[in-house]
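*Asks:*
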Amino acid sequence: MNKINFAKAVKLLEEAYEDWDAPAKRFERGYRRTPYTIMISVVLSFRTKDEVTLAADKKLFALADTPEKMVKLSRQEIEKVIYPVGFYRKKAQTILDISHTVLERFKGEVPRSEAELLGIKGIGPKAANIILESAFGVETVAVDIHVHRILNRWGFVSTKTPEESLKILKEKLTPAEQKGLNKLLVSFGQVLCRPVKPICSECPVVQLCERKL
DNA sequence: AAAACGGGGGC
DNA sequence: GCCCCAGTTTT
Numbered sequence: 000m001n002k003i004n005f006a007k008a009v010k011l012l013e014e015a016y017e018d019w020d021a022p023a024k025r026f027e028r029g030y031r032r033t034p035y036t037i038m039i040s041v042v043l044s045f046r047t048k049d050e051v052t053l054a055a056d057k058k059l060f061a062l063a064d065t066p067e068k069m070v071k072l073s074r075q076e077i078e079k080v081i082y083p084v085g086f087y088r089k090k091a092q093t094i095l096d097i098s099h100t101v102l103e104r105f106k107g108e109v110p111r112s113e114a115e116l117l118g119i120k121g122i123g124p125k126a127a128n129i130i131l132e133s134a135f136g137v138e139t140v141a142v143d144i145h146v147h148r149i150l151n152r153w154g155f156v157s158t159k160t161p162e163e164s165l166k167i168l169k170e171k172l173t174p175a176e177q178k179g180l181n182k183l184l185v186s187f188g189q190v191l192c193r194p195v196k197p198i199c200s201e202c203p204v205v206q207l208c209e210r211k212l
């Protein structure tokens, strides 16, 4: 797929977004959405299905939805609630570590810069991107496993890893063209262009896709 | 560069 | 039963 068709595909996706992304809005969160709860929720979501994460979010934030309250819980209390998400021992410890860091280093406020977020143990590049985007509305440029898969299926890149895809994306596209792309393609990858059994019959871009994967 | 951390959902 | 999950830290 060349750059012209890539731009067309993105445009088609944007125009049809409300239709195909409706299922992604099916979740009622049932807890206060603050930068802090968003950050903790991101930690819980690592390598875990959305439905499972959400159930754990609700239970955990019913117990504590601020760092002040969270550090009063024991690791075992947290583990008990988040058990189904997997990696529960490590994640419980990470949640406590992060809460302490936010309290002590940042006066209880989640920092707004990527560098400061990355300085927190337990927050890596992907988590920092999600937090910046979801909590502070910053449009980030990143290539996660969804975006990587889609770019390859479309035939816009031919790469092995998300890191390679990101490199090529930055070479091929201007910063303006990259803006908002990540969020759009992640939604697309979750709803239609899934890893297994993509729903090509409902895909707005199927005519342009080269189905490379 | 590879291992370790893991239970739950879809098929 | 097998594959997958917006990942990060440690070895």
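The letter at position 129 of the first sequence is residue 128 when you use numbering that gives the first Met the number 0, and the numbering goes up by one with no holes. Quick reminder that beta carbons are idealized off the backbone N, C-alpha and C, glycines included. These figures come from a predicted structure and were not determined experimentally.
#1: For the alpha helix (DSSP H) containing P34, list its first residue and its last residue.
#2: Can you tell me where the alpha helix (DSSP H) holding V190 begins and where it ends?
#3: With burial defined as no fewer than 16 other Cβ atoms inside 10 Å of the residue's Cβ, what is the status of V42: buried or exposed?
#4: I'd like to know whether the C-beta atoms of G121 and I144 end up nearer to each other than 8 Å.
#5: Going by beta carbon distance, what residues of the same chain come within less than 8 Å of E76, once the five residues before and after it are set aside?
#6: If you reduce the DSSP assignment to three classes, tell me which class E132 lands in.
#7: Put F60 into one of helix, strand or coil per three-state DSSP.
#8: Just mark F214 as buried or exposed, buried being the case when its beta carbon has 16 or more other beta carbons within 10 Å.
#9: Shortest alpha-carbon distance to I37 belongs to which of W19, A8, L116, F155?
#10: Are the CB atoms of A141 and K125 nearer to each other than 8 Å?
#11: Could you compute how far the alpha carbon of V204 sits from the alpha carbon of A15?
#12: How about W19 and V190: are their beta carbons less than 8 Å apart?
#13: My guess is that T47 and V84 are in contact by the Cβ rule of under 8 Å, so how many angstroms apart are they, rounded?
#14: Let me confirm a value: P174 is counted as buried when at least 16 other C-beta atoms fall within 10 Å, else exposed. Which label applies?
#15: For N151, name the three-state secondary structure that DSSP assigns.
#16: Leaving aside the five residues before and after E176 along the sequence, list all residues of the same chain whose C-beta is less than 8 Å from its C-beta, in chain order.
#17: Quick check on the DSSP output: the alpha helix (DSSP H) that includes F86 runs from which residue to which?
#18: Measuring only the C-alpha atoms, how far is F155 from M0?
#19: Where do the N-terminal and C-terminal ends of the alpha helix (DSSP H) with I198 fall, by residue?
#20: Nearest to T100 by CA position, among E67, S73, V80, is which residue?
*Replies:* The relevant details are as follows:
#1: Here residue 34 is taken as the residue at index 35 of the first sequence, counted from 1. Start and end: 34-43.
#2: Here the question's residue 190 lines up with position 191 in the first sequence. Start and end: 180-190.
#3: Residue numbering aside, residue 42 sits at position 43 when the first sequence is read from its first letter. V42 should be labelled buried.
#4: Taking the first residue of the first sequence as 1, we reach residue 121 at position 122. Taking the first residue of the first sequence as 1, we reach residue 144 at position 145. The answer is no: Cβ separation not under 8 Å.
#5: Position 77 of the first sequence, counting from 1, holds the residue named residue 76. Here the set comprises L62.
#6: Mapped onto the first sequence, residue 132 falls at position 133. Note: E132 maps to helix in three-state DSSP.
#7: Position 61 of the first sequence, counted from the first residue, corresponds to residue 60. Of the three classes helix, strand and coil, the one that applies to F60 here is helix, per DSSP.
#8: What is shown of the chain runs 0 to 212, which leaves residue 214 out entirely.
#9: The residue you call residue 37 lines up with position 38 of the first sequence. Comparing Cα-Cα distances from I37 to each of W19, A8, L116, F155, the minimum goes to L116.
#10: Within the first sequence, numbered from 1, the residue matching residue 141 stands at position 142. Within the first sequence, numbered from 1, the residue matching residue 125 stands at position 126. Yes, they are a contact pair.
#11: Reading the first sequence from its first residue, position 205 is the one you call residue 204. Reading the first sequence from its first residue, position 16 is the one you call residue 15. Taking the straight line joining both Cα atoms gives about 10 Å.
#12: Position 20 of the first sequence, counted from the first residue, corresponds to residue 19. Position 191 of the first sequence, counted from the first residue, corresponds to residue 190. Closer than 8 Å, so yes.
#13: In the first sequence, the residue the question calls residue 47 occupies position 48. In the first sequence, the residue the question calls residue 84 occupies position 85. With a Cβ gap of about 5 Å, T47 and V84 count as contacting.
#14: Mapped onto the first sequence, residue 174 falls at position 175. So P174 counts as exposed.
#15: Mapped onto the first sequence, residue 151 falls at position 152. Helix.
#16: Start at 1 with the first residue of the first sequence, and residue 176 comes out as number 177. The answer, listed in chain order, is A6.
#17: As a working note, residue 86 is residue 87 in the first sequence. Where F86 is concerned, there is no enclosing alpha helix (DSSP H), given that its DSSP letter is neither H nor E.
#18: Locating residue 155 in the first sequence gives position 156, where the first residue counts as 1. Locating residue 0 in the first sequence gives position 1, where the first residue counts as 1. Cα to Cα, the separation comes out at about 5 Å.
#19: Position 199 of the first sequence holds residue 198. Here I198 belongs to no alpha helix (DSSP H), and DSSP marks it neither H nor E.
#20: Against the first sequence, residue 100 aligns to sequence position 101. Of the listed residues, the one whose Cα sits closest to T100 is E67.
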